[in-house]
Amino acid sequence: MRTRFTGRLSRMSASIAVLLLALGTTAADAAERDPLADRGWAWPVAVVRVVRPFEAPPGPYAAGHRGVDLGDVERVRSPAPGRVAFTGEVAGRPVVTIDHGDGLVTTFEPVTTVLGVGDPVARGDPIGEVAAGGHVAGGAVHFGVRWNGEYVNPLRLLGGVPRAVLLPCC
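Numbering (this note's numbering), first residue to last: -2 to 167.
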């Protein structure tokens, strides 16, 4: 009699432990949620092809790649609502910068625009055309994001790279 009760108690204890462990993981995941995720940002290009990923520098003045390079681009769109903060040349390259509020600023280069500083943009509005120059190959754009002055990986705001869709062959 005692062995049956002990066996049931052990199984019930194991089930409760698994349930608590699962609940604990969910709570921990929620606590570690990325504050930049789920903001409703859109990709600034029609077709996404990352040709060079974000590479965080080890320090503020160290080498790194403070954005992502997106290939096969002609027109660039605003990923979120904001106001144009800068248009002009930096180191001989045309740059467009948008202030999205909440400490978030995006930079695109090499991009030319007809927009002026202070112009409002909505999510998906065209902001410019890819120009020649810059460190990226022709037809590519560098997309950088600063959050409270620090460069962050733009993919954090976009949910990562979109999944590939396989099309039927032949």
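Cβ coordinates follow ideal geometry from the N, Cα and C atoms, glycine included.
Predicted, not measured: the structure shown is a model, and the values here were computed from it.
What do you get for residue i, buried or exposed, if any count of 16 or more other CB atoms within 10 angstroms of its CB means buried?
i    : result
A60  : exposed
G100 : exposed
V102 : buried
R30  : exposed
Any idea which residues DSSP pairs residue i with across the strands?
i    : result
G85  : V92
E126 : R72 and T109
D66  : R49 and H139
Consult DSSP for residue i and reduce its assignment to one of helix, strand or coil.
i    : result
R153 : helix
L33  : coil
R49  : strand
L17  : Residue placement at L17 is poorly supported in this model, since its pLDDT is 39, which falls under 50; the coordinates still yield a value, given next. Helix, per DSSP.
W144 : strand
R80  : strand
V133 : coil
Assuming residue i and residue j make a contact with CB atoms under 8 Å, what is their CB distance in whole Å?
i    : j    : result
F83  : V114 : 6 Å
V127 : E71  : 6 Å
V108 : V138 : 6 Å
R80  : D116 : 7 Å
V141 : R63  : The residue you asked about is not Val; residue 141 is Gly in the sequence shown. Contact flag correct, Cβ pair sits at about 5 Å.
Hey, is residue i's beta-carbon within less than 7 Å of any beta-carbon in chain C?
i    : result
G135 : No chain C appears in this structure, which consists of one protein chain only.
Exercise. Are the segment 131 to 149 and the segment 47 to 60 touching, with three or more C-beta to C-beta distances below 8 Å?
Worked result: yes
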